[in-house]
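Below is one structure, written out as structure tokens, with a few remarks after it.
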Amino acid sequence: MTQVDTKHFLCKIEDGIATVSLDRPERKNPLTFDSYAELRDWFRDLHYNDEVKAVVFASNGGNFSSGGDVHDIIGPLTKMSMKELLAFTRMTGDLVKAIVNCGKPVIAAIDGICVGAGAIIAMASDLRIATPEAKTAFLFTRVGLAGCDMGACAILPRIIGQGRAAELLYTGRSMRAEEGAAWGFHNKLVAAADLDAEAHALAARIAAGPNFGNMMTKTMLAQEWSMSIEQAIEAEAQAQAICMQTADFERAYHAFVNKEKPVFEGD
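Position in the sequence shown (first residue = 1) + 17 = the numbering used here.
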């Protein structure tokens with residue numbers, strides 16, 4: 018296991034799986050200016066890290082994240098100029114872009130409180146496993162802001178539908194775990210004691226797959242929403258032709274012929 022030297026969040030890498038989590042459990046893991054920036058930079062660099070094949074964004078101390086810290090972020094924001102505010106909101110949006118474009122499947126393991134920017138991180142992940150105690154809220158309107166934060170109006174409707182997303186973004190109410198599962202936000206609900214094991218088992222299954230192909234899948238999932246059907250089919254034809262040039266594709270063929278399970282190496 019490799020313990021990564023990060024200052025504002027926890028990170029370890031083991032068997033190709035990076036596990037990250039915020040590290041202020043006594044305050045339900047709020048984000049700060051520093052943790053936003055460091056997470057953004059870490060996910061950006063992840064695209065070039067061949068050691069990591071999948072990511073688990075974990076809860077800590079029974080909670081995922083309480084969002085932007087009231088004292089460390091929201092208070093200072095009330096005193097900033099428009100230029101400073103725009104720099105901040107662009108930085109937070111860059112974290113979502115970094116997660117979406119990191120090239121690795123990201124699994125959010127959600128327990129307890131998952132609100133504000135924490136809910137956005139969960140939303141930006143590829144898959145979400147939650148406990149029955151998970152409470153997810155996009156509560157921006159409850160602090161006098163718009164619901165359209167960090168891509169919420171673009172991404173959330175794609176996951177749960179326009180009407181459901183509109184309700185959550187207008188009201189800022191909590192989405193119960195059972196609702197999240199029924200609406201497709203959560204892929205699975207598991208007991209809190211099983212959350213880490215379930216998330217890492219899923220990450221391990223994905224990490225054992227063709228990692229170049231997984232990167233292509235993540236890229237296409239992000240890009241095809243802005244394409245026509247014709248453009249998407251052509252883009253997938255090109256992506257699949259590229260994947261057919263990989264050694265993993267040939268390994269899978271030989272394994273099938275020999276009635277063996279393929280062992281993918283990501284090249």
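Glycine included, C-beta positions come from ideal geometry on N, C-alpha and C. All of these numbers come straight from a predicted model, not from anything done at the bench.
Cβ-based neighbour list, residue i, same chain, cut-off 7 angstroms, excluding 5 preceding and 5 following
{"i": "ALA272", "result": "LYS278, PRO279"}
{"i": "SER245", "result": "none"}
{"i": "GLY226", "result": "PHE281"}
{"i": "ALA224", "result": "GLY33, ILE34, LYS70, ALA71"}
{"i": "ASN231", "result": "PRO122, ILE223"}
Proximal residues to residue i (C-beta, below 6 angstroms), its chain only, five neighbours per side dropped
{"i": "LEU27", "result": "SER38, ASP40"}
{"i": "ALA239", "result": "VAL117"}
{"i": "HIS25", "result": "ASP51, SER52, GLU55"}
{"i": "ASN228", "result": "LYS70, GLY283"}
{"i": "GLY84", "result": "VAL132, GLY133, ALA134, GLY135"}
{"i": "ALA194", "result": "ALA147, PRO149, ALA151, LEU206"}
{"i": "ILE294", "result": "Lying before the first or after the last residue shown, residue 294 is absent from the chain, which here runs from 18 to 284."}
Residue environment, residue i, which counts as buried when at least 16 other CB atoms sit within 10 Å
{"i": "MET192", "result": "buried"}
{"i": "VAL12", "result": "Nothing can be reported for residue 12, as the shown portion of the chain is limited to 18 through 284."}
{"i": "VAL132", "result": "buried"}
{"i": "TRP242", "result": "exposed"}
{"i": "ARG222", "result": "exposed"}
{"i": "VAL274", "result": "exposed"}
Whole-Å CB distance - residue i paired with residue j, under 8 angstroms assumed
{"i": "VAL160", "j": "ALA141", "result": "Actually they are not in contact, since the Cβ atoms of VAL160 and ALA141 sit about 20 angstroms apart, beyond 8 angstroms."}
{"i": "ALA151", "j": "ASP128", "result": "6 angstroms"}
{"i": "LEU94", "j": "LEU102", "result": "7 angstroms"}
{"i": "PRO174", "j": "ASP143", "result": "At roughly 17 angstroms, the Cβ-Cβ gap does not stay under 8 angstroms, so PRO174 and ASP143 are not in contact."}
{"i": "ASN204", "j": "ILE146", "result": "6 angstroms"}
Where residue i falls: helix, strand or coil (DSSP)
{"i": "GLN240", "result": "helix"}
{"i": "ASN46", "result": "coil"}
{"i": "GLY226", "result": "coil"}
{"i": "ARG145", "result": "strand"}
{"i": "SER52", "result": "helix"}
{"i": "PHE266", "result": "helix"}
{"i": "GLY85", "result": "strand"}
{"i": "ARG61", "result": "helix"}
{"i": "LEU156", "result": "coil"}
{"i": "ASN231", "result": "helix"}
{"i": "LEU206", "result": "strand"}
Close beta carbons around residue i, own chain, < 8 angstroms, minus the five adjacent residues each side
{"i": "PRO42", "result": "ASN77, GLY78, GLY79, ASN80"}
{"i": "ILE91", "result": "GLY85, VAL160"}
{"i": "LEU219", "result": "ILE124, LEU144, ILE146"}
{"i": "THR263", "result": "PRO227, PHE229, GLY230, ASP284"}
Cβ of residue i within 8 angstroms of any chain D Cβ
{"i": "ASN118", "result": "Absent from the structure is chain D; it holds one protein chain and no more."}
Exercise. Between the region 244-264 and the region 107-114, are three or more C-beta pairs nearer than 8 angstroms?
Worked result: No, because fewer than three Cβ pairs between the region 244-264 and the region 107-114 fall closer than 8 angstroms, the two stretches do not touch.
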